[in-house]
Amino acid sequence: MSTIYDNWERLVAATLRREHLWQLFHGPSRTPSISSIASDFSSSSQLLDFPFEFSSSSSWYQQNTVPEIGVYGQRYNANDSEAKLRKDEKSQKIKELALGDIFVNGKPLSSRELNLLLRCPCPPKKLGPGNYWYDKGAGFWGKEGQKPSQIISAQLGLGGRLEQDASKGNTLVYVNNREITKGELHVLQLAGVRCYPRTCLWLTADGFYQEEGANYIKGNIWRKVGMKLLCSIFSLPFPSKSYYTSGELSVSDRFEERTVLQKILLVGCSGSGTSTIFKQAVFLYVDIPFLEDELEQIKQLIQSNIYGYIRILLEGHKQIEEANLNESREIQSANEHGLTEFNDAGCKESIYSFGPRLEAFVDWILQFTESSSSGVFSTSFIQATAPLIEELWRNPTFQEIFMRRSELQRLHSAADYFLERTVHIFKPEYEPSNMDILCAERLPSSLSCMDFSFAPPRDDEFDTCGQQDFAARYQLIRPDGPGDNEMPFDMFGDVRIIIFCVSLCDYDQFVINDSRNSVNKMIYNRHWFECTVANPVFDQKVFLLLLTKYDLFEEKIKRIPLNQCDWFADFRPVPGRGTGMTVESLGEKGFQHIAVKFKTLYRDLTGGKLYVAKVNCLNQHSVDVALGYAREILKWEEDMSEYA
14 MSTIYDNWER LVAATLRREH LWQLFHGPSR TPSISSIASD FSSSSQLLDF
64 PFEFSSSSSW YQQNTVPEIG VYGQRYNAND SEAKLRKDEK SQKIKELALG
114 DIFVNGKPLS SRELNLLLRC PCPPKKLGPG NYWYDKGAGF WGKEGQKPSQ
164 IISAQLGLGG RLEQDASKGN TLVYVNNREI TKGELHVLQL AGVRCYPRTC
214 LWLTADGFYQ EEGANYIKGN IWRKVGMKLL CSIFSLPFPS KSYYTSGELS
264 VSDRFEERTV LQKILLVGCS GSGTSTIFKQ AVFLYVDIPF LEDELEQIKQ
314 LIQSNIYGYI RILLEGHKQI EEANLNESRE IQSANEHGLT EFNDAGCKES
364 IYSFGPRLEA FVDWILQFTE SSSSGVFSTS FIQATAPLIE ELWRNPTFQE
414 IFMRRSELQR LHSAADYFLE RTVHIFKPEY EPSNMDILCA ERLPSSLSCM
464 DFSFAPPRDD EFDTCGQQDF AARYQLIRPD GPGDNEMPFD MFGDVRIIIF
514 CVSLCDYDQF VINDSRNSVN KMIYNRHWFE CTVANPVFDQ KVFLLLLTKY
564 DLFEEKIKRI PLNQCDWFAD FRPVPGRGTG MTVESLGEKG FQHIAVKFKT
614 LYRDLTGGKL YVAKVNCLNQ HSVDVALGYA REILKWEEDM SEYA
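Each residue of the sequence shown is one higher than the last, beginning at 14 in my numbering.
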């Protein structure tokens, strides 16, 4: 009986969903919404009225159900009501808390930060809208202006910087830069911790503490006799035993792991590979790379990008056909003026030979996608127009346009990868693969930031002293302002190293600069490199230049000479002699020439040394080596400063 009821309930829900879609596209307004990538895919604006009917689209959607995607991307069986209930329970709290309701250390939590907070091993209890403070080092959590109420998971990358007056203490004793309350001070003093005025203690989640400026651990607070009773008397939180006794690292290693955070800034012009490198780092160093809502946003982004690719194909085809039309007019006007009008109509028909139904859809794509500021469509719209996209893709005229895509310079390399899989991508059961995520243009956030540690090699590959190098914490920051370069750098004054990315394949490409002039893209990269290096915020900072897309560059330089760019006009490679590995490839010579150009420019600007490396962004090992090189540079610079 229960099974029959569950099936009936799902049937009713599916019917209501179909009725909702029918009203959405056939109601009085007929104005589907478009999600805004600038906000978190949640806000919507109105689209133009569609000049075509969605009857077949709605029937197609009625016959295709969207599978349920579980927490962390796990799939649930539609017949498994218990699994669906578990998923709903875990997501209910996230749905109840809207973005902007939770402030941590003065900063509103993003969608990812909220998911991270609620799904960490020790999440805060009874979380509601409000302002909170969070001690990342020790895991203390409390309401703004009050003493700590809980101990949650430490080292969560969320919120702003912990302020000294977060808990409104007036004791002149500081723990992890926060002035503690009188109750906390009494507990420390009764537990035998000496706390004089102006005492600054650094406390880890394990309970180990030391005074600021000291190079040794003084003890473990949570293991002191009577500490649990004291915390109970003063209504202060006390962690579980496993919280401060788990793990295999030594005390010094654990303290180093919790306190060291070295920031790495990843910048570059559009198309330089910064987005792909950041996503590779997420796959490399994060246990759960993307949460459920982020995967849904990426899927939505990939599907929306295909509309833009189709528009570029249609516009390019239209321009080519119009150029042919003008040429035909000139020839025919010299011969017989009477045929001009007839042939114009014939040429126009060849441009829009899609049929009445698809012609309306094509016109809408050309009109709207160009004027859209974000270009990200709502899920309902994508599901409803999916059959039209499939019908357009299978149209012989569009296939002919697609075969001539090499004539269009505006089409990005990622477009080929996704366009060839258009039909599959618009299926309801489509889930982005790792390669899809890497190739997807843009990220669903205005500022990408992640904390991570490098995985140590096997014990037989390094000595014990080197283990502390791998225990250090790093923060990779990828700003993404308008044009990828207009993000103010003032907020990044505390970064240790700047990684500037330049695509090796840009030497024959052209872009429109701020003066609305067409310039060589490598010259454009050089201009932004100079601006970044000359920024006073980065004075005396270390720079690493990553020359990306080396695998594509090796093939391209064989077909297109490097001296297509005026900056490399002096590139005259000497043909190599010999056989096998002793011969330096043309791609390697081109890479070395470009590297020397940037090194010379950097030396002229700063008088310092520029570190350079090449990388294949789609190769995970190559990205791991490049980021590991940045870690080695930081270690080298630190050792040299100590030696000096």
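C-beta: ideal position from N, C-alpha, C; glycine also. Predicted model only: the values in this text are computed from it and were never measured.
Compare the C-beta of residue i against all C-beta atoms of chain C and say whether one is closer than 8 Å.
| i | result |
| --- | --- |
| Gln380 | Absent here is chain C; the protein component of the structure consists of one chain. |
Can you pull the DSSP bridge partners for residue i?
| i | result |
| --- | --- |
| Tyr222 | Leu216, Gly232 |
| Ile115 | Gly143 |
| Phe465 | Tyr487 |
| Ala397 | According to DSSP, Ala397 bridges with nothing at all. |
| Phe153 | Ile164 |
| Arg191 | Val188 |
| Ser531 | Ile525 |
Quick one: give me the first and last residue of the alpha helix (DSSP H) that residue i is part of.
| i | result |
| --- | --- |
| Gln275 | Careful: Gln275 lies outside any alpha helix (DSSP H), inside the beta strand (DSSP E) at 274-281. |
| Tyr520 | Premise fails: Tyr520 is in no alpha helix (DSSP H) and is neither H nor E. |
| Ala427 | 426-432 |
| Val546 | 534-547 |
| Lys138 | Where Lys138 is concerned, there is no enclosing alpha helix (DSSP H), given that its DSSP letter is neither H nor E. |
| Arg616 | 599-619 |
| Glu454 | Counting along the chain, Glu454 falls outside any alpha helix (DSSP H), and DSSP gives it neither H nor E. |
| Phe296 | 287-298 |
| Lys241 | 240-246 |
| Val587 | Val587 -> no alpha helix (DSSP H), and no H or E assigned at all. |
| Ile438 | 435-438 |
When the Cα of residue i is compared with those of the options, which residue comes out closest?
| i | options | result |
| --- | --- | --- |
| Trp215 | Lys610, Val636, Ile234, Phe513 | Ile234 |
| Gly119 | Asn144, Thr212, Cys630 | Asn144 |
| Leu614 | Gln223, Ala547, Asp376 | Ala547 |
| Phe247 | Thr194, Arg236, Thr289 | Thr194 |
| Thr184 | Asp178, Glu192, Gln177 | Glu192 |
| Ile402 | Arg370, Ser419, Phe581, Arg417 | Arg370 |
| His606 | Lys627, Gly620, Thr619, Asp617 | Lys627 |
| Leu489 | Met504, Val508, Asp503, Phe502 | Val508 |
| Glu176 | Gln159, Ile164, Gln163, Ile165 | Gln159 |
| Phe394 | Arg434, Leu314, Ser426, Ile325 | Leu314 |
| Pro588 | Phe581, Ala582, Glu601 | Glu601 |
| Phe439 | Gly226, Glu404, Asp178 | Glu404 |
| Ser180 | Leu327, Val299, Glu157 | Glu157 |
| Glu372 | Ile511, Leu327, Gly621 | Leu327 |
| Ser419 | Cys462, Gly329, Ile344 | Gly329 |
| Phe513 | Asp527, Arg572, Ala608 | Ala608 |
Let's see if you can read the secondary structure: which residues bound the beta strand (DSSP E) around residue i?
| i | result |
| --- | --- |
| Leu557 | 555-561 |
| Val188 | 186-188 |
| Ala626 | 624-628 |
Is any non-hydrogen atom of the ligand MN found closer than 7 Å to the C-beta of residue i, if you look at the structure I gave you?
| i | result |
| --- | --- |
| Asn538 | The ligand MN is not among the ligands present in this structure, which contains no ligands whatsoever. |
For residue i, which residues in the same chain have their Cβ closer than 8 Å to its Cβ, ignoring the five residues on either side in sequence?
| i | result |
| --- | --- |
| Ser531 | Phe523, Val524, Ile525 |
| Gly220 | Asn233, Ile234, Trp235, Arg236, Pro252, Tyr257 |
| Phe604 | Leu517, Leu560, Tyr563, Phe566, Lys627 |
| Lys554 | Val508, Arg509, Ile510, Ile511 |
What does a CB cutoff of less than 6 Å around residue i pick up in its chain, not counting 5 residues either side in sequence?
| i | result |
| --- | --- |
| Phe251 | Lys241, Cys244 |
| Phe116 | Asn144 |
| Asp429 | none |
| Cys518 | Lys562, Leu565, Phe566, Lys569 |
| Val186 | Ile193, Leu198, Cys208, Thr212 |
| Pro134 | Ser166 |
| Leu304 | Asn128 |
| Trp154 | Pro137, Tyr147, Gln163, Ile165 |
What did DSSP end up calling residue i once you bin it into helix, strand or coil?
| i | result |
| --- | --- |
| Asn447 | helix |
| Lys120 | strand |
| Phe513 | strand |
| Ser391 | coil |
| Ser70 | Reliability of the predicted coordinates at Ser70 is poor, the pLDDT of 43 falling under 50, and no value is obtained from them. |
| Asp148 | coil |
| Ala204 | coil |
| Gln177 | coil |
| Val636 | helix |
| Ile319 | helix |
| Arg417 | coil |
| Pro369 | helix |
| Leu647 | helix |
| Val508 | coil |
| Asn339 | helix |
Kindly list the residues whose CB is nearer than 7 Å to the CB of residue i, restricted to its own chain and excluding five residues on each side of it in sequence; keep chain order.
| i | result |
| --- | --- |
| Leu640 | Ala294 |
| Lys276 | Gln488, Ile490, Asp507, Val508, Arg509 |
| Tyr520 | Met535, Leu575, Gln577, Cys578, Phe581 |
| Gln316 | Ile395, Ile438, Phe439 |
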